[in-house]
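In the working numbering, the protein residues as written are 112 to 909. Think of the CB as a built atom: it goes at the ideal place given N, C-alpha and C, for glycine as much as any other residue.
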C-alpha cells in the first residue's frame, strides 16, 4: 500500500483502517532511483544512458557509510576475475600436484565448459573414493547481503544434492560466546536479536559501562543489510538524555569523544579479572541484590566461594585485580559502588571473545549484572555487542524471513570454524568441543564460496602449510584476493550490482528490492548459475534448481515472505509492486524492547533456556565436562600471551581492530580503503612513549614481528592508546614478500601474520587472536612493492 500523493487526513484514515484490522502497513514514497543493499548500507543507483555511474546514500539513512560507493570503481578493477582459471600445475598433472606452489603458480584461463567438467569430475572422484566427509565446505564469510544470492546457502544446497559435506560451526566474531552463553542464560545468537533497544537505554539508563568500548565504525555494518544506521544516533541520544558512558578499553577512541566518555584504560585480556573484582566488591560491601540472586539465579554459593578465595586461596578483590588490569583498586571499588547505585547497562564487545579464555568475560559480565539485580529492567542489565553491528539495539518488529532451502546434509562431521588449519594438518586427530570429543576428517577438497580465509584466520604462515594438504581447492570469487590466488580452480562470480536480489533480514525494518545495475564482468556468473552448471554434469540439476530460474526463485522467496508476514499481521505488496516501489519498511514496535523483561516478570512462566531455567552462575553441565580451562563458573586464567607475560623479545600487546573503511577485507582495493593507509601499508597505532623508545616518527614504515611471522605497517603515533599496546586494523589483503618463506613477511600489513592460531579453550575452540605479543622495529630492508591488489599471471587471458 502506498502513501504517495495522499493528504495527511487520508493517511490518518488509512492508519485507522489498518489498526481496526490489526494489520500493520508500511508507507513508502516512489523513488526515482533504483536501490541496492550491502552489509554496510543501502544505496541509490545513479546511471546515465544505462551505464552505472555512482552510488548515492539511501535518503532514509541518517548516518550512511562511505564504504559502499567504492564498489562502482572496482567492477572493472585489474584484480577482477573475469574468466574461469585453473592453477597450471594442477591442470597439467592433476589433483594434489605441487601444492606448495599455491600462491605462486600461474593460472590458465579455461572455458566454463572445461571448468564445470573439472569441478564435477573432481567432486565425483573424491566422494566416490573417500566419501563426502572429505569435502570441506564450511565456506565461512559474509559475501552478499542478498537473500537469494547468498553464497553459503547456494554452495551448501548444491553439495547436499550430491551427498553432503563437512561443515563448520560458530563464527570468528564470537565463537566463545556462542558456546558458553547458552549454558549460562540461554541461546546467544537468538539473544542478539532481542537486545534492549537504544530507545529504552536513552530513556532509562544512567550509566553504560562498555567493556571493549562502543566503536561506531564497527556499527557501519549489519549482517544481511541495513536501511538506516542507528548506532551513532543511539549513543548520542542516550548521552543527551544524561546517560554517562564509561569506556573500559586500551583505546580511548573506542567510544567517540562527542559523548564525553570516561576512559578507564585496561590492559588487554584483563577484563575478566576486573569483572570478578567488581563482583567481589558488590559481595563484600553488601551491594549485591540478594533477592534477585535467590529468585533468578542458581550456583551463587559456589561462585561466591571462588570470589572469596575458598576454592583456590586467592581472594578476587580489587587489590588482587589492580596489577592485572593496570587499574587502581580504589577506582574498581568506586565503579562497583557507582554501578550499584545507578541504573546500569554493562556492554561487552564481541572482541572480548576473541582472546584466550574468551568465554570468561561473558560469564563474568553476566555475573556482575546478576549481582546488581538489574537484568530485565529497562536500560539495565547486560548486552553483547552494542555498536559492533548496526542491528544491535534496533527496536524493530521481528519477523522470520525465508531462505533458499538447504536440503539435508548426510555428513555428520563438523569442525569449530576457527580450527580449519588443525583439521587440514591433523586428519583423523581428535578435538574437544562443548563437552564431547570429535574427530577431524581427512580433507581432500576445500570448496569456498563467499569468504576469504586468508583474511579471517590466524597465523597465516601456519595456514599456508595447512593449505598445502588438500588435493584440490575450489574458490568462487569476484576478485583476486589471497584465497583466490591460493586456489586450484577459480570460478568468477558476479557482485550485487550485477544481479537482482532481495535484501531482507529480521534485524532491520527495511526490505529492499536490489536492482541489477551492470552487466557481469567478463564471463562471470551468479553462484547459482555456476552451481547449476556443475549440478547438470553430476546429474542433480533438477534437485538443485527445482526447475526455477533466478527470477522464479526471487518470486518464490517473496511469496514465502508474504505468507510469514500475514501470520504476523503484516501486509506486504505483491512482487511486482514491491520491485516497482524499491523498498518496504516494517513499522516500528511501539513497546521498547527490554532483554529478559518477561523472565524477570515471570521466571516460572518464561524460564531461560538453561537446565535450571535460571541464570547459571555455576553450571553443573559445564563442570561435568571436566575442562581445566573452563570450569563450572566464571574464572580468571592468565593468557599465554598478554602484558603480564611480556618479554624483551615481544614487549607489546597487539590488538587487531576492525577497519573503518571496509567490511573485514572487502573492498580493500578501493580508493576509500587506500586513503586510510600509510604509504600503502596498514597503520599501526602506537603510544608516543613506545614510539620514542624505538626512535619512530609518524609515517615511518616498521616491521611488526614475533616468532610466527611479520608484517610491514605505517606508524601512527597517538596518546589514545595504552602504553605497551599497539593496534592494527584487520583487512589488508595478504601479500607475502617471499611465498616460499615458511616464516614469511606480509608487505601489506595483515595482522594475522603474527596472531596465534590458539583456541579460546576446549569448550568453544574459538579464535584467540587477541592474546598476541609482538615487537616493532623500523624497517631497514630493501624497498617493497605491494602486489596484493594485482592479479596473478594468467596464461590465455583475453
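Worksheet item: Taking the C-alpha atoms as reference points, what is the distance between residue 899 and residue 859?
Response: 7 angstroms
Fill in: Outcome for residue 132 when other beta-carbon atoms lying within 10 angstroms are tallied against a minimum of 16
Model confidence at residue 132 stands at a pLDDT of 32, short of 50, so the residue's coordinates are unreliable and nothing is read from them.
Worksheet item: Around the Cβ of residue 863, are there at least 16 other Cβ atoms within 10 angstroms (buried) or fewer (exposed)?
Response: buried
Worksheet item: Looking only at its own chain, which residues have a Cβ that is under 6 angstroms from the Cβ of residue 584, when we skip the five neighbours before and after it?
Response: Hits under 6 angstroms: 557, 598, 599.
Practice prompt. Have a look at residue 231 and residue 486 and give me their C-alpha separation to the nearest angstrom.
Written response: Between the alpha carbons of residue 231 and residue 486 lies a gap of roughly 54 angstroms.
Item to complete: Assuming residue 393 contacts residue 399 (C-beta within less than 8 angstroms), just tell me the rounded distance between them.
Response: 5 angstroms
Worksheet item: Using a Cβ-Cβ cut-off of 8 angstroms (strictly less than) and excluding sequence neighbours within five positions of residue 282, which residues of its own chain qualify?
Response: Cβ neighbours of residue 282 beyond the five flanking positions: 251, 289, 528.
Worksheet item: Thinking just about the alpha-carbon of each residue, which of 889, 752, 770 is nearest to the one in residue 803?
Response: The closest CA to that of residue 803, considering only 889, 752, 770, is found on 889.
Practice prompt. Check the DSSP bridge columns for residue 317 and list the partner residues they point to.
Written response: Under DSSP, residue 317 shares a beta bridge with no residue.
Practice prompt. Look up residue 210 in the DSSP assignment and say whether it is helix, strand or coil.
Written response: helix
Discussion item. So, with DSSP's three-state summary, where would you put residue 414?
Written reply: Residue state, collapsed to three classes: helix.
Worksheet item: Would you call the CB atoms of residue 489 and residue 263 closer than 8 angstroms?
Response: no
Discussion item. Excluding the 5 residues flanking residue 180 on each side, which residues of the same chain have their C-beta closer than 6 angstroms to its C-beta?
Written reply: Hits under 6 angstroms: 166.
Item to complete: Determine, using beta carbons only, whether residue 74 and residue 510 come nearer to each other than 8 angstroms.
Response: Outside the shown range of the chain, which is 112 to 909, sits residue 74, and nothing can be said about it.
Worksheet item: What span of residues does the beta strand (DSSP E) with residue 836 cover, start to end?
Response: 836-840
Worksheet item: In or out: residue 547 buried (at least 16 other Cβ within 10 Å) or exposed?
Response: exposed
Worksheet item: Nearest CA to the CA of residue 560: which residue from 541, 643, 587?
Response: 587
Worksheet item: Closest to residue 624 by CA distance: which of 687, 562, 642 is it?
Response: 687
Discussion item. Short of 6 angstroms in beta carbon distance, which residues of its chain neighbour residue 352, apart from the five on each side in sequence? Order them along the chain.
Written reply: 313
Discussion item. If you reduce the DSSP assignment to three classes, tell me which class residue 783 lands in.
Written reply: helix
Worksheet entry | Within 8 angstroms, strictly: CB atoms of residue 697 and residue 508 | Against a cut-off of 8 angstroms, the Cβ pair of residue 508 and residue 697 comes out as a contact.
Practice prompt. Could you tell me how far apart the beta carbons of residue 884 and residue 757 are, in whole angstroms, since I believe they sit closer than 8 angstroms?
Written response: 6 angstroms
Worksheet item: According to DSSP, is residue 352 helix, strand or coil?
Response: coil
Discussion item. Mapping the DSSP letters down to three states, classify residue 228 as helix, strand or coil.
Written reply: DSSP places residue 228 in helix when its eight states are reduced to three.
Worksheet item: Could you give the distance in angstroms between the alpha-carbon of residue 694 and the alpha-carbon of residue 152?
Response: Cα to Cα, the separation comes out at about 13 angstroms.
Worksheet entry | C-alpha distance - residue 902 paired with residue 190, whole-angstrom precision | 5 angstroms
Worksheet entry | residue 679 versus residue 596: straight-line alpha-carbon distance, rounded | A straight line joining the alpha-carbon of residue 679 with that of residue 596 spans about 47 angstroms.
Fill in: Span separating the alpha-carbon of residue 291 from that of residue 613
34 angstroms
Fill in: Residue closest to residue 733, alpha-carbon to alpha-carbon, out of 206, 544, 171
Looking at the Cα atoms, 544 is the closest of the given residues.
Fill in: Cβ separation of residue 255 and residue 607, assumed to be a contact under 8 angstroms, to the nearest whole Å
5 angstroms
Worksheet item: In terms of residue numbering, what span does the beta strand (DSSP E) encompassing residue 155 cover?
Response: 152-159
Worksheet item: In whole angstroms, what separates the C-alpha of residue 517 from that of residue 667?
Response: 15 angstroms
Worksheet item: Can you tell which of 345, 265, 361 has the C-alpha that lies nearest to the C-alpha of residue 838?
Response: Of 345, 265, 361, the residue nearest in Cα terms is 361.
Fill in: Three CB pairs or more closer than 8 angstroms across the stretch 400-412 and the stretch 714-733
Yes, the stretch 400-412 is in contact with the stretch 714-733.
Discussion item. Quick check on the DSSP output: what are the complete alpha helix (DSSP H) runs of length 4 or more inside the stretch 716-795, in order along the chain?
Written reply: 731-736, 782-785
Worksheet entry | Reference residue 554, options 193, 812, 533, 457, closest by Cα | Among 193, 812, 533, 457, the Cα nearest to that of residue 554 is on 533.
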